[in-house]
Each structure stands twice: as structure tokens, then as C-alpha cells.
Amino acid sequence: MAASAHRRSRNQAIALSAPAALGLLLFFAAPIAAFFVYSFLTGATFSFTADTPFTLQNYVDVFQAPSTGDLLFNSAIVGLLVGITCLAIGIPFAYWVRYHAGRLQSLILLLVIAALFTSYLVRIYAWRSMLGTDGVINSAIQSLGLSEEPLEFLVFSRFAVVVAIVHILLPFVILILYAGFRPLDPRYFEASEDLGAGMFQRWRRMVMPLIAVPVASAFMLCFVVASADYVTPQFLGGPESSMVGVQIQNYFKAQGDYPLGAALAVVVVLGYLAIQGLILLAMRLTGVRRIEWGT
Amino acid sequence: MGDEREAHEPINALLRAEFTRRRALRYGAGAAAGLALPGFLAACGGDDASTTSSTTAASGAAPKPTGTIDFFGWEGEDLKDVSAIQTLLKSNGADLKASFMPTLDDITPKLQSSEGTDLLAYTSIVTERLQTADLLQPIPPEKVPNVSGLLPLWQEDNPQWIEDGQRLFVPSFFQTFSLIYNSDEISDPPSEYRGLLEPEYKDQIVTWAEPNGAFGVLSAMLDIEQGKVPKDRLDELAELFAQFIAQSKSVAASPGDIVTQLVAGEVNAVFLGTPQFTLFANGAGSNGAAARDVVDVQNGNMSFTDGYGVPAGADNADSAFAFINAILEPKTNAAISEAFAGGVVVEGAEEFLPKDRQLYPADDLDTIFETAPLQVLAPLESDEYVTQGEWIERFTQLTS
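For the protein sequence lines, the chains are P and X, in the order given.
FYI, numbering that gives the first Met the number 0 numbers position 253 of the first sequence as 252, with every residue one higher than the one before it.
FYI, numbering that gives the first Met the number 0 numbers position 294 of the second sequence as 293, with every residue one higher than the one before it.
Spelled out as C-alpha cells, the structure:
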């Protein structure tokens with residue numbers, strides 16, 4: 000009887016997840032696999048040939064290109080800054096919504112989601128207006144007498160890129176973290192307090208291990224999306240702020256060298272997998288993955 | 000210097016004239032009348048020296064547009080604001096479905112991945128490349144009889160428009176790159192791009208992130224033939240570009256972005272602008288910038304031609320030919336040139352341009368193209384010259 004129920008439940012789970020799995024297979028795994036194959040082919044103009052044996056030359060070219068190092072560095076820095084900033088804002092915010100917002104919880108979450116209703120480009124331009132030389136922020140700073148001249152670093156800089164991408168990604172991060180806090184019963188906090196844990200100890204020994212998985216997920220989401228962004232840096236970045244996505248685009252569209260573009264894309268994906276692997280390893284070593292969620 | 004500025008004044012007077020949608024439409028309406036008139040004259044046995052090519056068109060050889068024309072190309076070049084074209088389409092029950100490209104690099108992937116595009120609006124520098132990939136079809140002169148009215152430059156054999164005797168590209172207007180400046184802030188603009196490297200322009204300029212344009216203009220500044228930069232001069236080219244990057248407040252992703260920065264007052268000058276950007280900047284209503292152009296930039300500049308081609312996979316090619324034929328009517332061509340702040344490419348079109356809009360005198364094309372030779376792309380492969388891949392790699396390195 001129990002075995003039959005278990006089988007039914009398993010079948011149900013498979014049926015429910017099948018559309019998503021199929022979608023991932025078709026629209027994620029298959030293109031990545033195609034890129035992986037392309038990356039070993041020989042490029043022709045806006046084409047490729049499979050006449051010659053598979054080659055590693057594209058990977059050699061990617062690593063020999065003088066710009067690759069700078070582009071990967073720029074991308075990693077922006078990804079890291081965005082990830083850290085989103086978590087620094089998102090964790091306390093999600094915590095507050097979950098445990099202290101009371102009846103306003105749903106309304107606040109709705110407002111968080113509402114931030115996503117505005118188009119990506121509109122938000123980028125909005126930030127340019129706000130951070131610009133004659134923008135709201137510079138005007139306020141000058142009228143408060145904090146600076147006589149407009150602060151030039153506010154716009155067309157890495158700072159501006161990070162601010163805009165944080166604004167774009169923060170709602171997603173808050174939702175992930177809120178979902179992470181959701182099963183964490185408030186009585187855990189009371190129990191740990193009763194046992195003499197201060198706020199710092201409570202967060203370090205109880206909250207952070209319990210929300211480590213959603214925190215890692217949110218960080219990776221931010222890191223991947225921010226470091227792969229090639230639009231925001233072009234609109235808000237300074238003269239030397241290109242990121243790796245721009246070069247992948249160039250290889251495909253400007254040079255028409257699909258295998259070379261595919262090789263760089265594969266390198267980036269492998270980089271993401273390596274970072275994800277390091278995070279999983281760190282979590283395993285610190286034991287956080289062993290923690291089971293309460294019901 | 001003062002004399003040079005005076006020499007620019009007619010051009011600047013032209014650019015001070017506010018461009019409005021209404022004006023374009025009004026002019027377009029005139030062009031519509033112009034389009035219909037030659038046919039009427041021909042039918043009546045009338046004659047008009049200024050409409051030689053139109054008379055040819057009225058012979059009935061050009062097909063009529065039918066069905067839906069799938070358009071892909073530069074925004075605005077679907078000519079939805081040029082009423083002559085709209086009249087032609089509507090009177091024949093045809094319509095045009097447009098999708099736009101952000102860069103020339105988008106054409107090849109688009110045409111390779113899907114068929115059905117009937118009409119392509121692009122810049123002639125990529126014609127050869129598209130033809131190499133067999134993406135274009137010849138434009139038969141019997142179906143576009145108005146090509147006979149093109150100015151001599153565009154009748155000559157040039158792989159940007161005619162390959163092996165077959166026409167692949169029909170121009171609609173041409174332009175030079177220009178040095179744009181905000182006249183409220185800069186009273187004495189430089190007459191050459193190098194002037195923007197002076198300390199007073201530090202963080203005052205924006206550079207367009209257009210590697211091909213930069214390559215051409217920088218080559219011209221170093222007095223190197225377009226598209227033939229010896230490999231040992233790549234460093235020199237890159238060093239010159241690095242100076243502009245260091246001087247720039249930003250490297251703008253698109254023309255729209257450049258206009259936005261000009262209008263917002265973030266920058267006061269543009270390296271690699273075109274008169275079209277100036278037109279749009281000045282047309283931004285009460286927030287418009289006091290933007291002016293130095294069009295005849297000295298010591299290194301280049302020009303380019305925009306126009307139309309028909310993809311090999313077009314399934315409504317005859318309608319595309321009809322559209323192309325129509326843009327070569329002198330009045331229509333003048334309307335297009337006015338709308339895009341370009342020069343006319345058809346005999347007799349200039350007289351339909353208002354005097355203050357005659358940016359590029361048709362009788363002085365030799366001088367214009369001597370000062371600003373036609374842009375040519377770097378080769379895709381070469382042992383002798385810098386290839387496009389090598390330049391883009393260096394461009395990316397300098398902007399990262």
C-alpha cells in the first residue's frame with residue numbers, strides 16, 4: 000500500500016516536472032551542447048566547416064586574445080559586486096518582510112514584483128538620468144553643499160553599471176531569499192534566544208547555515224546574469240568597461256566566426272560551473288547541506 | 000580657423016533648421032505628388048527635363064508592389080514617414096512589415112537563419128560580404144529603371160553596388176561622418192577630429208562604439224587607404240584610438256545613445272557622429288541640444304552610402320524592386336535626403352531640396368569624396384593588411 004502511494008507520488012512528480020525538464024532540455028541543454036560541438040570546429044566566414052578534424056585552436060585563440068583577460072576580469076568584478084550588494088540588501092530585507100512586516104507582507108512582496116514591470120532599458124535610462132551630471136543625485140548633492148562640482152564617477156562608470164544591475168536583480172534575490180526564510184519558523188529564533196545566543200551568534204550559527212542554499216542560489220543568479228550582461232555596461236559604463244558578452248557577440252556577429260564565439264561562451268559557462276562547484280564544495284565542507292528543513 | 004568656421008556656416012545654418020516630423024511629412028506629401036506627376040505627364044505626352052528618369056519609370060517597366068513586403072534594416076529607412084512611398088504602397092494594396100537592426104552585423108545572421116526578407120536597408124560597405132555569402136540577388140535594371148537616373152558615382156563599377164556587372168545595391172542617400180559639437184558650450188569647434196584631443200575636451204566627448212567606423216576614420220586620419228591598413232601600422236591606429244578613448248566620457252552603444260548624451264548635456268562633442276545624429280539632437284523638442292556639425296572635417300574623414308538590396312531568399316522581390324524604383328524619383332530622393340540629413344544620389348533631386356538643406360552639393364561630389372573617401376571594411380582575411388577580426392580584437396581590448 001505504502002509502496003503504491005510512493006510510486007504514485009513519484010509518477011506525479013515526474014509528470015509535473017516533465018514540461019520544465021523538456022523546456023530546459025530543448026532551450027538550454029541542447030544549445031549549450033551545440034555550442035560545445037561548434038567550439039571544436041573550424042570557422043569560416045559566418046559559417047564553419049567540419050571537414051577538418053575537431054580542433055582545439057579556438058580555445059587557444061580565445062586564451063591568446065589580449066582582450067580576454069581584461070574582459071573576464073571586468074565581468075567577474077561586476078558579477079561579484081552585484082552579487083554581494085544584492086545579498087547585503089536582500090537578506091535583511093527578506094528577513095524583515097518574513098518576520099516583521101506582519102499583514103503588509105503580501106503587499107510588500109507585490110511591490111517588489113511590481114519593480115519588474117518596467118522594461119530593462121527604461122530602467123537603465125532612468126538610472127542614467129538620476130546619476131547624470133545634471134541628474135537628481137548630483138543636483139541634491141550640490142544643493143546640500145556636499146560638493147561644488149557634480150560627482151563624475153556616478154555615471155559612465157563601473158559604479159553606475161553595478162547600481163543599475165542591482166536594481167534589476169534585487170527583486171529576484173528578495174523573492175529567492177524570502178522563499179528561503181519562509182519555512183524557518185520564528186520559534187527557532189525564540190529558542191536560540193532562550194538558549195542565550197546573541198543576535199550575531201544567532202545569525203552566524205542558525206540563520207546563515209539554514210539559508211545558505213538560497214543565498215548561494217541568489218548569489219549565482221546575480222553573478223551569472225550580471226557578469227554576462229553586455230547591454231548595461233554599454234549604456235552606463237565608462238569608456239573601458241566592456242565585458243565578455245560583448246566579445247562573444249563580436250565573434251558571432253561582426254567576425255562571423257561561430258566556433259570562436261562558441262569557444263569563448265563555453266569557457267564562460269565552464270567558469271560559472273567552476274564557481275558553482277566551489278560554492279557547493281564550501282557548503283559541503285562547512286556541513287550546511289546536511290541541514291534538513293523543518294516542516 | 001575663423002575662416003574655416005565661416006566656411007562651415009551654411010552647413011550649420013542648415014542644421015539649425017529644426018527637423019520636425021511634420022516637415023518630413025509635408026515634404027513627403029510633395030514627393031507623393033512628384034511621384035504621380037511624371038506618369039501623368041507621360042500619359043499626356045508632356046515633357047519635363049527634370050524628370051528624365053521618372054519618365055523611364057512611367058514606361059510601365061517597373062513592377063507594382065503587391066502583398067506584404069518584409070523589410071529588415073536601419074530604423075527609419077522603411078520610409079514610413081515619406082508619403083510618396085506610402086501612397087505607392089497603399090494605392091496598390093501593398094503593405095510593408097518592418098523589423099529593424101541595431102547594427103550591420105545583424106544582417107548575416109538574420110538572412111542565414113530565416114528566409115522571407117524581401118527588402119534590406121543597409122550601408123553599402125557590407126554588400127561584398129553579403130554577396131560572398133550568396134545572400135543577395137541581382138537588381139535587374141529593367142525592373143528598377145530609375146537606376147539610370149543615379150549620379151555617375153553610383154553608376155560606376157564598385158563592388159559596394161555593382162559586382163560583375165550586376166547591380167546588388169541601390170543607394171538612397173550618402174553622408175560623411177561629422178564632428179558634432181554643442182554650440183552653447185563650444186564657440187570655436189575644431190576643424191579636424193584631432194582637435195578633440197586637446198585638454199579642454201577631456202571628458203567632454205563621446206565616441207561611438209562602432210569599430211568599422213572608427214577603423215575607417217582613424218585610417219583616413221593616418222592617411223592610409225581605406226581597408227588597407229598594413230599590419231605593422233595596427234599599433235599606430237590603436238594608439239590613436241586609445242587617445243580618443245582616454246579623452247571620452249563614454250563610448251556610446253548606439254546613435255540614439257549619442258543623441259541622448261548630447262541632449263542631456265553629458266557631453267559637448269562627438270567623435271564619429273553623422274549629421275543625422277545632429278538632426279535628431281536638435282529635433283528633441285524644447286530639450287533639444289544646440290548641436291552643430293563640422294561636416295567637412297579636415298585631415299581624415301570618410302563617407303558612406305545607405306540604400307537597399309534584395310535578399311536572395313526574398314519571396315516578394317518584385318514589390319521590393321518597385322519600392323526601390325520609387326525611392327529614385329528625384330522628389331522622393333530629395334525627401335529621403337532631407338529626412339536623413341544626407342546628400343541626394345539622383346540627378347535632378349537636389350533642386351527639390353530646400354536651399355538650407357543642401358548639405359552636400361551634388362556638383363561638388365568629387366571634393367566631398369576626396370576629403371572623405373568612401374568607407375571600406377577591413378578584409379576578413381589577409382596576410383598583408385589588418386583584418387576585421389584583428390581590429391575588433393584591438394577595439395575590444397581598448398574598450399575593456
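Backbone N, C-alpha and C define an ideal beta-carbon position, used for all residues, glycine too.
At least one beta carbon of chain P lies nearer than 8 Å to the beta carbon of Val250 (chain X). Unbroken beta strand (DSSP E) stretches of 3 residues or longer found wholly inside the region 241-302 of chain X: 247-251, 268-272 and 290-293, given in chain order. Taking a contact to require three or more Cβ pairs closer than 8 Å, the region 248-267 of chain P and the region 33-50 of chain P qualify as touching. Taken in chain order, the complete alpha helix (DSSP H) segments of 4 residues or longer contained in the region 331-395 of chain X are 364-370. When the Cα atoms are used, Ser216 (chain P) and Pro208 (chain P) turn out to be separated by approximately 14 Å.
Contact between Gly179 (chain P) and Ile210 (chain P) holds, since their C-beta atoms are separated by about 4 Å, short of 8 Å. Around the Cβ of Glu337 (chain X), a 10 Å sphere holds 16 or more other Cβ atoms; the residue is buried.
With a cut-off of 8 Å on Cβ pairs, the region 136-151 of chain P is not in contact with the region 46-58 of chain P, counting fewer than three such pairs.
In the three-state reduction of the DSSP assignment, Ile179 (chain X) falls in the strand class. Per DSSP, reduced to three states, the secondary structure at Gly286 (chain P) is coil, with no helix or strand assignment.
Here Pro64 (chain X) is near Leu88 (chain X), since their CB atoms are less than 8 Å apart. The region 169-243 of chain P is shown to contain whole alpha helix (DSSP H) runs of 4 or more residues at 185-193, 198-201, 207-227 and 231-235, in chain order.
Ser171 (chain X) carries a strand assignment under DSSP once its states are collapsed to helix, strand and coil. DSSP places Phe47 (chain P) in the uninterrupted beta strand (DSSP E) bounded by Ser46 to Thr48. Short of 7 Å from the beta carbon of Pro185 (chain P), and not among the five residues preceding or following it, lie these beta carbons of its own chain, in chain order: Tyr98.
From the beta-carbon of Gly92 (chain X), no residue of chain P is found nearer than 9 Å; the closest lies around 35 Å away.
When C-beta atoms of the region 136-155 of chain X are compared with those of the region 315-326 of chain X, three or more pairs fall below 8 Å, so the two segments count as touching. Distance check between Val309 (chain X) and each of X:Gln130, X:Leu236, X:Phe394 and X:Lys248 places X:Gln130 closest, using alpha-carbon atoms only. Among the residues of the region 43-63 of chain P, those with a Cβ less than 8 Å away from any Cβ of chain X are Thr44, Phe45 and Ser46, in the order of the chain. Chain X places no beta carbon closer than 8 Å to that of Leu263 (chain P), leaving this residue out of the contacts. Contact check for Cys221 (chain P) and Val81 (chain P): beta-carbon distance about 5 Å, within the 8 Å limit, so the pair qualifies. A straight-line Cα-Cα distance of about 30 Å links Thr273 (chain X) and Asp94 (chain X). Neighbours of Gly78 (chain P) in chain X, taken as residues at a C-beta separation under 8 Å, are lacking, since the least C-beta distance is about 15 Å.
Counting only the Cα atoms, Asp69 (chain P) lies some 36 Å from Leu119 (chain X). Taking the C-beta atoms as reference points, Pro238 (chain P) is found nearer than 8 Å to Thr398 (chain X).
Collapsing the DSSP output to three states places Glu141 (chain X) in coil. Asp117 (chain X) and Glu383 (chain X) have their alpha carbons spaced roughly 37 Å apart. Check the Cα spacing between Pro213 (chain P) and each of P:Leu86, P:Gly255 and P:Gln248: the tightest is with P:Leu86. The beta carbon of Asn249 (chain P) sits closer than 8 Å to some beta carbon of chain X.
With 16 or more other CB atoms across the displayed protein chains lying within 10 angstroms of its CB, Lys330 (chain X) is buried. Of the other Cβ atoms in all chains shown, 16 or more fall within 10 Å of the Cβ of Ser171 (chain X); this residue is therefore buried. Val216 (chain X) sits buried, since 16 or more C-beta atoms from the chains shown fall within 10 Å of its C-beta. Here the alpha carbons of His5 (chain P) and Ile13 (chain P) stand approximately 12 Å from one another.
The beta-bridge partner set that DSSP reports for Gln248 (chain P) is empty. Judged by DSSP in its simplified three-state form, Val154 (chain P) adopts coil rather than helix or strand. The C-beta distance from Gln136 (chain X) to Ala316 (chain X) rounds to 7 Å, short enough to fall under 8 Å.
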